[in-house]
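Notes to accompany the following structure.
There are 2 protein chains.
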Amino acid sequence: MKFAKIPMATITRLSVYMRTLQDLLEDDVDVISSERLARLCGVNPAQIRKDLAYFGEFGVRGVGYRVGDLLGQIKDILGLTRRWNLAMVGLGNLGSALVRHANFLKHGYTFTAAFDVDPQKVGKRLPNGLLINHVNEIEEVVKDRDVNVGIITTPASAAQSVANQLVLAGINGILNFAPVQIQVPDCCHVENVDFTISLDTIAYHLSVSG
Amino acid sequence: MKFAKIPMATITRLSVYMRTLQDLLEDDVDVISSERLARLCGVNPAQIRKDLAYFGEFGVRGVGYRVGDLLGQIKDILGLTRRWNLAMVGLGNLGSALVRHANFLKHGYTFTAAFDVDPQKVGKRLPNGLLINHVNEIEEVVKDRDVNVGIITTPASAAQSVANQLVLAGINGILNFAPVQIQVPDCCHVENVDFTISLDTIAYHLSVSG
DNA sequence: GAAGTTATGTGAATAATATCACATAACTGT
DNA sequence: ACAGTTATGTGATATTATTCACATAACTTC
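Protein chains in written order, with this note's numbering: chain A, -3 to 206; chain B, -3 to 206.
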């Protein structure tokens, strides 16, 4: 691939470009300029070119980018040409909704395991047929079903313990929806999603500007 | 409130500090150093001090920060000492789960309106008693119930049209869960939440590192 | 096939952000 | 009240990220 140090922000944006390119492909657009793509993604055109330049030359000067090609290249860069198996830990309102949420499937992610501690839930099946295991079966089930990424939607109090078990089971990617900073070894990559933080920044902006 | 230009990243972190301080308060910790708080929040201690310095001096040298005081100060900075009313637009899996999600309430946010287009849903009430209105009633209802922030959890295809209506209704803060870049006038502040992007960055990290 | 047009790729310039390092101020104990 | 200790507040420095600006390459037209 490439050996320069890639800015984290670049990776995030590649994912945004990918989404937009997917839409464009569905609309049968086959060539797009960095300028137009930039407008659609809400970024600067030079930014897009710089981001892509970290990985190679994917465009045609004077023309633009072939939508299908670029989409394929970005998927390749992000490692999305293979299958990724997910485990959902915590099947409350949010966890249940996310398992059902179409976007994961659309992007090639598959839930192969689900966990909770509630005896009412353990042993039952989700609408998609997935069996709910008990959280203390994580290690066994994760290995068995080749889970690559764990998604934590437990209460904050349980998140660290769940993270520990996921790491122990050999997982090194965690998407954390619990509103705590979980501690993991360096081998494990954690992404936090906390929409109350986003809401707070909105509140701040409204407070100072209006 | 302040006069220097505040980095966006600072605001985001203030919200993180706030969460942690809230937990500390519940645990009856009354003083904390930037170093310990930093560890809990996963940031650099100097970062915390710098962030706070934009707004004043809140600590005691040689001692640390009084947890309760600092919490109050940050809430004040972020504009969270008042009430914020939310409207949920789109009551699919995700929207319904979020309305029920305890975190919003915990942070002082209140849902005062909910919208959908599905005739099956319009006219019904959510578990919390909130009446579901039709999306084309947004302007009227938003004004009537003093909604400050709109949350969009519609399919991507509907997001822009919903955003337009929210703006028209006088809303200038939007939390967007739909996987599209919505266009709004400058007066309106949009925060995007897209967990498939977070998942993609995890996939990337797993791909390059092992 | 030469001139004109367009949009990429990229070094240089700028801006934003994070970290260091230490002077400063508040507590503690003698 | 003074010396010792601790942790803040902040200027200086380092790092990272974004934008500009233009040379370069591919297509188009005459």
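For every residue, glycine included, the Cβ atom is placed at its ideal position computed from N, Cα and C.
At least one CB of chain A lies nearer than 9 Å to the CB of residue 200 of chain B. Note on residue 4 of chain A: under 16 other CB atoms within 10 angstroms of its CB, so exposed under the neighbour-count rule. Residue 27 of chain B is bridged by DSSP to B/62. A direct Cα-to-Cα measurement between residue 99 of chain A and residue 76 of chain A gives close to 14 Å. Proximity to residue 110 of chain B across B/60, B/91 and B/56 peaks at B/91, based on C-alpha coordinates. Contacts between residue 145 of chain A and chain B, judged by CB atoms closer than 8 Å, involve 195, 198, 199 and 202 in chain order.
Judged by DSSP in its simplified three-state form, residue 112 of chain B adopts strand. Separation of residue 193 of chain B and residue 79 of chain B (C-alpha to C-alpha, rounded to the nearest whole angstrom) is 31 Å. Contact with chain B is absent for residue 50 of chain A, since none of that chain's Cβ atoms lies less than 9 Å from the residue's Cβ. In chain order, 96 place their CB closer than 8 Å to the CB of residue 123 of chain B, counting only its own chain and leaving out the 5 sequence neighbours on each side.
Within chain B, the residues whose beta carbon sits less than 9 Å from that of residue 105 of chain A are 192, 195 and 199, listed in sequence order. If you check each beta-carbon in the stretch 164 to 181 of chain A against every beta-carbon of chain B, the ones closer than 7 Å belong to 168, 169, 171, 175 and 177. Secondary structure note for residue 5 of chain A: its alpha helix (DSSP H) is the uninterrupted segment 4 to 22. Residue 85 of chain B and residue 183 of chain B have their C-alpha atoms some 20 Å from each other. Excluding residues up to 5 positions away in sequence, 145 and 185 lie with their Cβ nearer than 6 Å to the Cβ of residue 169 of chain A in the same chain.
The DSSP-derived three-state label of residue 145 of chain A is strand.
Proximity to residue 114 of chain A across A/82, A/138 and A/130 peaks at A/130, based on C-alpha coordinates. For the pair of segments examined, the stretch 38 to 45 of chain B was found not to touch the stretch 65 to 76 of chain B: the number of CB pairs separated by less than 8 Å stays below three.
The shortest CA-to-CA distance from residue 160 of chain A to any of A/178, A/187, A/202 and A/143 is the one to A/178.
Residue burial is scored here from C-beta neighbours: residue 57 of chain A has fewer than 16 other C-beta atoms within 10 angstroms and is therefore classed as exposed.
Residue 107 of chain A is bridged by DSSP to A/82. The C-alpha of residue 117 of chain A lies about 28 Å from the C-alpha of residue 173 of chain B. According to DSSP, residue 91 of chain A shares a beta bridge with no other residue. In the displayed model, residue 172 of chain B falls within a strand according to three-state DSSP. A check of alpha carbon separations from residue 176 of chain B across B/196, B/162, B/152 and B/191 identifies B/152 as the nearest. Straight through space, the alpha carbons of residue 27 of chain A and residue 103 of chain B are spaced by roughly 46 Å. Taking the Cβ atoms as the reference, residue 167 of chain A lies roughly 6 Å from residue 143 of chain A, within the contact range of under 8 Å. A Cβ of chain A is located within less than 9 Å of the beta carbon of residue 97 of chain B. A direct Cα-to-Cα measurement between residue 106 of chain B and residue 19 of chain B gives close to 21 Å.
A buried status is given to residue 187 of chain A, since no fewer than 16 other beta-carbon atoms sit within 10 Å of its beta-carbon.
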